[in-house]
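In what follows, a single structure is set out as structure tokens and then discussed.
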Amino acid sequence: MNNESNMINLGEVSKPVTVLIEKISNAVGIIYEPTRIRRNARAEADALKIRATAEVEMHDIQKRAIERLIGEEVKRQENIEAIIDKAIPEIKESAEPENIDQDWLMNFFDKAKLITTEEMQSLWSKVLSSESNKPGSFSKRTVNFLSSLEKKDAELFTRLMSFSINLSPRRVFIYNEYDEEVKQCGILYSHLAHLETIGLIKYSSIGFSINIMLDSIPIPYFEKLMFMDFPTDQLRNFDLGKVVLTETGLELSRICYSIPNDTAIDYLLKKWQNMGYIIYSPYPKFL
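Residue numbers (numbering that gives the first Met the number 0): 0 to 286.
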């Protein structure tokens, strides 16, 4: 690559960020500069575009085609840089961007350049920063899925995550989609059917369960820490409810912007206690 044309001016940033930007440039030839430098450069580029189309003798339709192509590429570059801007603050000092797969990066930015809304760009930035912090966190399949994910589907999945507990892996607990509390949180059977259709969850009217070998397990719900005891061997066959996340759903759950929902956790606590599980917390205000 031409060193001058691909010069990267990153200013005062951490080493992992510098490595990431260089890795991106080597993979897909994307030049990135901090926002403060970028504003002045964009004005100069607009002036250059006008001169270029004016100085070359060509038909009007050719000029319009060139202007359209330039406009499309400028917008794509803006989308890419917006995602990188949002990702940089989330990259840890311990990040290993040098270990990101080159094909993964090329595929990521091939899709990311078309993401225009700020909300979805934030989601994509989380994927980039998470992959930088821990390469291998997101498969190309999930990236490809994300490129076709509509905003309303992301919002629906986020609502569902208010019923989730990170039990390594994360589990979603929906015991009866017709329960009033579930409907109050914006989850209906039709929503679950849709999320299954697009590949984020599996649904079973019979339900799912796992065997628990420990006497007690932690139940972390966002900032709340609780514990669940299994007083009988029969209860060790832990009822997970009717929904489990697919691999794509699990990966997406790491970056969705869900927030704690008192209605959702109160619903789960009531269900578990009615089943015979013992729930307690070292922090009484949580129960």
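Heads up, the beta-carbon is just placed ideally off N, CA and C, and yes, glycines get one too.
Remember, predicted model here, so these are calculated numbers, not experimental data.
Burial state of residue i, where buried means 16 or more other Cβ atoms lie within 10 Å
i	result
isoleucine 36	The pLDDT assigned to isoleucine 36 is 46, lower than 50, so where the model puts this residue is not dependable; a value taken from the coordinates is nonetheless given after this. When all chains shown are included, isoleucine 36 counts as exposed.
proline 219	exposed
glutamine 101	exposed
serine 128	buried
tyrosine 276	buried
methionine 212	exposed
asparagine 98	exposed
asparagine 273	exposed
lysine 182	exposed
serine 124	buried
threonine 231	exposed
serine 252	buried
leucine 68	exposed
tyrosine 294	As displayed, the chain neither begins before 0 nor continues past 286, which places residue 294 out of reach and without an answer.
threonine 141	buried
proline 15	buried
isoleucine 23	buried
isoleucine 258	exposed
leucine 122	buried
alanine 94	buried
Presumed contact (8 Å Cβ cut-off) between residue i and residue j, rounded CB distance
i	j	result
phenylalanine 162	leucine 239	Not a contact, Cβ separation roughly 11 Å.
glutamate 157	glycine 198	One detail in the question is off: residue 157 reads as threonine in this sequence, not glutamate. Wrong, their Cβ atoms sit about 16 Å apart, outside the cutoff.
phenylalanine 229	aspartate 214	6 Å
isoleucine 90	serine 203	Between serine 203 and isoleucine 90 the Cβ distance is about 39 Å, and since that is not below 8 Å, they are no contact.
lysine 290	arginine 75	Given a span of 0 to 286 for the chain in the structure shown, any question on residue 290 remains unanswerable.
Those residues which DSSP pairs with residue i across a bridge
i	result
phenylalanine 226	Pro217, Tyr279
serine 170	Reading off the sequence, residue 170 comes out as arginine, not serine. Answer is Ile164, bridged to arginine 170.
Of the listed residues the options, nearest to residue i (C-alpha basis)
i	options	result
glutamate 195	Ser167, Pro230, Asp152, Leu234	Asp152
lysine 201	Ile69, Asp232, Tyr279, Leu249	Leu249
arginine 169	Val243, Glu66, Glu130	Val243
isoleucine 205	Ala192, Pro230, Thr157, Tyr174	Tyr174
proline 88	Glu72, Phe237, Asn132	Asn132
glutamine 120	Pro96, Leu148, Pro134	Leu148
threonine 17	Pro96, Gly198, Glu77, Lys62	Pro96
glutamate 176	Cys184, Tyr188, Asn165, Ser167	Tyr188
glutamate 71	Thr115, Asn106, Met225	Thr115
threonine 262	Met160, Asn210, Thr245	Met160
cysteine 255	Gly28, Lys85, Glu118	Glu118
asparagine 25	Asp59, Met105, Phe207, Glu80	Met105
Residue span of the beta strand (DSSP E) that contains residue i, given as start and end
i	result
lysine 201	200-210
Residue interval of the alpha helix (DSSP H) (run including residue i)
i	result
leucine 113	Neither: leucine 113 is in no alpha helix (DSSP H) and is coded neither H nor E.
aspartate 238	Not the alpha helix (DSSP H): aspartate 238 falls in the beta strand (DSSP E), residues 236-244.
serine 163	Premise fails: serine 163 lies in the beta strand (DSSP E), 163-165, not in any alpha helix (DSSP H).
tyrosine 266	261-274
leucine 148	Segment: none, leucine 148 is in no alpha helix (DSSP H) and carries neither H nor E.
isoleucine 69	59-86
asparagine 98	That residue, asparagine 98, is in no alpha helix (DSSP H); it is neither H nor E in DSSP.
threonine 287	Because the chain spans 0 through 286 in this model, residue 287 falls outside it and cannot be assessed.
Proximity test, residue i beta-carbon vs the ligand SAM heavy atom, cut-off 7 Å
i	result
glutamate 180	Ligands in the displayed structure: none, and consequently the ligand SAM is not present.
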